[in-house]
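Accompanying notes for the structure given below.
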């Protein structure tokens, strides 16, 4: 066995490169960071995109609040400190998928400029695609079958984004999907078509 001395990180020089994995998978790995209000349709569109990518021979991994907070981020709350830590961990995990040549689809409210900038810095600007699921709050409330907005307005849910906690809409996202008066299929196809040139390796 090779003597590694004090270099405990020498494995980084030995693992297969991201570029080689991207060539094998025939795709450009990106982190597709979907932001928007609760009820905007982020997770539904993320699931649509994941399926659409697979049907077109792209390999991806979907991360959202349910699968992340059930394990990796179990125990974190929704105050400012925990929101930042939640996003930091998600960004670091996304970076690992990116290094594996995998397209990472992230569906998180990530409500402020600061918190999304934190993720972008960790992941790297060239690899970070901000996708705004652009849905008016009135439409989000209309869709809200769980009644979360009504509870938030009644003061029963603290730190609820858009009601008692701010949401900073992106100024200049790479992709802006306006969902009002459109079907899931229409929005999903639009998202896929706009993403395709960014992940496809030219033939």
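Numbering (our numbering), first residue to last: 179 to 381.
Ideal Cβ placement from N, Cα and C applies to all residues, glycine included.
Since we're looking at a predicted model, the values are computed, not measured.
Note on geometry: alpha-carbon atoms of residue 337 and residue 345 lie some 11 angstroms from one another.
Contact between the segment 308 to 326 and the segment 216 to 231 is present: 3 or more CB-CB pairs across the two stretches fall below 8 angstroms.
In the DSSP assignment, residue 291 falls within the unbroken alpha helix (DSSP H) covering 291 to 301.
Between residue 272 and residue 381, the alpha-carbon positions lie close to 27 angstroms from each other. Taking C-beta separations shorter than 7 angstroms and ignoring five residues to either side along the sequence, the partners of residue 264 in its chain run 251, 254, following chain order. Within the DSSP bridge table, the entry for residue 284 names 211, 241 as partners. Excluding its 5 nearest sequence neighbours in each direction, residue 267 has C-beta neighbours in its own chain below 7 angstroms: 250, 251, listed in chain order. Contact check for residue 279 and residue 203: beta-carbon distance about 5 angstroms, within the 8 angstroms limit, so the pair qualifies.
Apart from sequence neighbours up to five positions away, the residues of its chain that approach residue 236 with a beta-carbon distance below 7 angstroms are 205, 281, 377, ordered along the chain.
In this structure, the alpha-carbon of residue 364 lies about 28 angstroms from that of residue 291.
In this structure, DSSP gives residue 204 a state outside helix and strand, which the three-state scheme calls coil. With fewer than 16 other Cβ atoms from the protein chains shown falling within 10 Å of its own Cβ, residue 358 counts as exposed.
Secondary structure note for residue 258: its alpha helix (DSSP H) is the uninterrupted segment 258 to 277. Closest in alpha carbon position to residue 277, among 239, 225, 245, 330, is 239. Following the DSSP letters along the chain, one finds residue 307 inside the beta strand (DSSP E) bounded by residues 306 to 312. Within the DSSP bridge table, the entry for residue 356 names 312 as partners. The alpha-carbon separation between residue 310 and residue 334 amounts to approximately 28 angstroms. Considering only 233, 274, 339, 261, the residue with the shortest C-alpha distance to residue 314 is 339. With at least 16 other beta carbons inside 10 angstroms of its own, residue 261 counts as buried.
Residue 300 and residue 207 have their alpha carbons spaced roughly 15 angstroms apart.
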